[in-house]
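Counting in my numbering, the sequence shown runs from 41 upward without gaps.
One structure is given below, encoded as structure tokens.
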Amino acid sequence: MSEQNPASGHLVDGPADPEHDPTASYALEPDYVASLTSRVVSTSGATSAVSSPLNGQPIAHIPQSSPDDVAEAFARARRAQATWARTSIDDRAAMLLRLHDLVLDRQDEIIDLIVLESGKARKHAFDEPLHIALTARYYARTAHEHLDTQRKLGVVPGLTRVEVNRVPKGVVGIISPWNYPFTMALCDGLPALLAGNAVVIKPDAQTMLSALLGAQLIAEAGFPEGVWNVVAGEGPVIGTPMIERADYICFTGSTATGKLIAAQCADRLIGASLELGGKNPILILRDANLEKAAEGAVRASFSNAGQLCVSTERMFVADQIYDRFVERFVARTQAMSLGASMEWGVDMGTLISQAQLDTVQAHVDDAVAKGARVLAGGRARPDLGPFFFEPTILEGVTPDMTCFGKETFGPVISLYRFHDEADAIARANAGEYGLNASIYTQDGDRGRAMAREIKCGTVNINEAFGATFASIDSPMGGMRQSGLGRRQGSEGIHRYTESQSVATQRGIRFAPMFGMSDEGYAKLMTAQLRLMKKLGRA
């Protein structure tokens with residue numbers, strides 16, 4: 041029998057009984073944990089204790105990296121990248137396809153770790169290996185399309201040959217979040233590897249093992265040592281040392297932190313892609329299929345307990361259907377299966393931490409105190425888990441309430457009526473964010489036309505968020521305060537490359553020839569420009 045020493049986080053001899061007290065024993069075998077944590081570049085001797093949000097059970101002590109360890113990780117990455125950049129595109133793509141198979145074969149192990157570390161429902165954890173398999177296959181199959189040297193029009197037909205190369209940036213620094221710990225640790229780095237870069241990644245401290253399992257699978261897929269390096273630690277300690285050494289930074293997290301990172305990158309004149317916060321709207325139009333819209337609204341609002349950058353926090357419903365829709369939406373929400381569990385069959389899991397619970401509780405309490413009505417949920421459920429909060433629907437939310445414009449990042453949705461669709465679009469565009477939106481209508485053309493007026497980087501018609509997020513050929517990212525740059529598609533890999541134009545000239549030079557005067561050269565070039573226009577040349 042053993043108990044946890046609250047001062048050290050280590051288990052010590054004592055009277056606690058693991059059968060009745062989950063904090064009395066570790067959730068994972070020490071050897072398994074050690075096989076993962078050995079991948080952290082760390083010589084500091086410091087560790088950080090991590091416990092499961094499911095029940096408080098200790099999981100691991102994660103080695104912490106110092107600024108010197110960050111320097112070592114980048115040194116390893118630079119040594120490896122020099123050779124990796126000369127590896128053929130076909131060989132790199134083959135490794136991605138092996139990773140695809142490994143992720144599908146090991147999905148149960150991946151999902152177990154995700155649920156244990158994040159507390160999300162198992163069905164939501166499944167989305168993560170699914171997304172990584174999609175990403176790996178897509179970039180492997182389209183590698184040449186994105187990276188092959190391309191011929192361009194030369195200024196003089198037949199005499200000027202122009203090619204554009206895609207040259208890797210070098211070493212990419214990735215700072216990934218806790219809410220999708222496996223997919224966000226890998227999905228941005230895979231195209232970076234394919235493009236010939238090496239990676240140094242700092243996953244969030246709360247979900248390191250999921251990210252480390254991803255690093256292990258990358259190694260097993262055949263990627264050479266040194267192209268994928270993991271550091272661990274708090275952002276204020278090792279974030280700046282990463283930015284000081286990287287050739288490009290990819291960050292997913294809060295808008296406030298994203299702005300600080302952008303400023304540091306700007307100071308070094310390096311690029312950055314930033315997927316930041318959101319206060320995402322969903323529009324239920326008067327011709328929407330009510331059952332499909334209610335089902336989609338539940339997923340839009342409560343997937344991963346609302347801890348999803350593209351989840352919905354504001355719902356605008358047409359007057360003509362408002363009462364009928366809300367009745368269905370509330371009924372579906374109240375029928376959800378809730379639980380902090382490793383098993384299938386749970387519709388919504390727990391929040392990840394006390395900090396998230398405190399934010400959600402504060403937003404709901406503030407809204408209720410100022411007159412909002414709770415149609416469903418509205419309270420914490422410590423009987424289900426230490427950080428559990430019910431899926432919550434609010435009505436009557438006004439601008440003076442915190443949750444009206446500030447991101448909650450939890451299972452809370454506010455309902456609003458609208459009569460005029462132009463007004464609904466204007467209200468959906470209000471505020472500073474612009475990440476994801478959803479529109480439910482049976483008229484696809486009308487929905488797509490409305491989408492062009494919504495200031496969000498992704499818009500889903502008759503779907504919550506999965507249609508855009510899972511379509512890897514299309515870019516995904518935010519407008520306004522929701523970020524810069526895009527992941528996925530051609531933009532998702534080209535951000536990790538420098539475009540290099542190479543022109544080969546023959547036969548003539550761009551200067552007077554054969555005794556021609558400067559004035560004569562100018563007249564000749566002018567005549568050629570006029571001729572090219574008449575011939576329809578670009």
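Positions of the beta carbon are idealized from the N, C-alpha and C atoms, including for glycine.
Listed in chain order, the alpha helix (DSSP H) runs fully inside the region 137-190 are 147-158, 162-181 and 183-187, counting runs of at least 4 residues.
With respect to M441, D406 sits close: the two C-beta atoms are nearer than 8 angstroms.
Under the 10 Å beta carbon count, M135 is surrounded by 16 or more other beta carbons and is classified as buried.
Residue pairing for R201: DSSP places it in a beta bridge opposite T544. DSSP links L323 through a beta bridge to F356 and I479. The C-alpha of A420 is placed about 47 angstroms away from the C-alpha of A133. Under DSSP, W268 forms a beta bridge with V239. Cβ atoms of S393 and F427 come within 8 angstroms of each other, at about 6 angstroms. Just so you know, the alpha carbons of L571 and A543 end up roughly 22 angstroms apart. In the DSSP assignment, P276 falls outside any beta strand (DSSP E) and lies within the alpha helix (DSSP H) extending over G275 to R285. Looking at the backbone, the Cα of A468 and that of D61 are separated by about 47 angstroms. With fewer than three CB-CB distances shorter than 8 angstroms, the region 469-489 does not count as touching the region 381-396.
The three-state secondary structure of K573, taken from DSSP, is helix. Between the region 299-318 and the region 357-377 there are fewer than three C-beta pairs closer than 8 angstroms, too few to call the two in contact. Of the candidates L137, L156, F458 and K319, L156 places its Cα closest to the Cα of W218. Close CB contacts of T295 within its chain, under the 6 angstroms cut and outside five residues either way in sequence, are with L316, G317 and Q521 (chain order). At a Cβ-Cβ threshold of 8 angstroms, G523 and R535 do not count as neighbours. If you check the CB distance, V110 and V271 come in under 8 angstroms. In the structure shown, the three-state DSSP call for A416 is strand. Segment contact: the region 181-199 against the region 250-262, fewer than three CB-CB distances shorter than 8 angstroms; contact not assigned. CA-to-CA, the gap between A470 and P515 works out to about 23 angstroms. Between A286 and A302 the beta-carbon gap is near 13 angstroms, outside 8 angstroms, which marks them as no contact. Minimum Cα-Cα distance from L434 among the listed residues K410, P422, L424 and D423 corresponds to K410. Looking at R138, I494, P221 and S88, the one whose alpha-carbon comes closest to that of E461 is I494. In the same chain as I324, and ignoring 5 residues on each side of it, the C-beta atoms closer than 8 angstroms to its own belong to A333, A337, M355, F356, V357, A358, I361, F365 and Y480, in chain order. Counting only runs of 4 or more residues that sit fully inside the region 350-395, the alpha helix (DSSP H) segments are 362-374, in chain order.
Across the set I548, E538, T352 and A328, the C-alpha of E538 shows the shortest separation from the C-alpha of T189.
By the neighbour-count criterion, in which 16 or more other beta carbons inside 10 Å mark a residue as buried, T292 falls on the buried side. Between G445 and Q396, the C-beta spacing is not below 8 angstroms.
Contact annotation: the region 199-215 touches the region 226-240, with at least three C-beta pairs closer than 8 angstroms.
Measuring C-alpha to C-alpha distances from A261 to each of E531, D131 and Y473 identifies D131 as the nearest.
The bridge partners DSSP lists for A312 are I289.
In chain order, G266 and N269 place their CB closer than 7 angstroms to the CB of R116, counting only its own chain and leaving out the 5 sequence neighbours on each side. With a contact defined as Cβ atoms closer than 8 angstroms, L475 and V350 qualify at about 6 angstroms. Per DSSP, the continuous beta strand (DSSP E) segment holding Y456 begins and ends at V452 to F458. The three-state secondary structure of A578, taken from DSSP, is coil.
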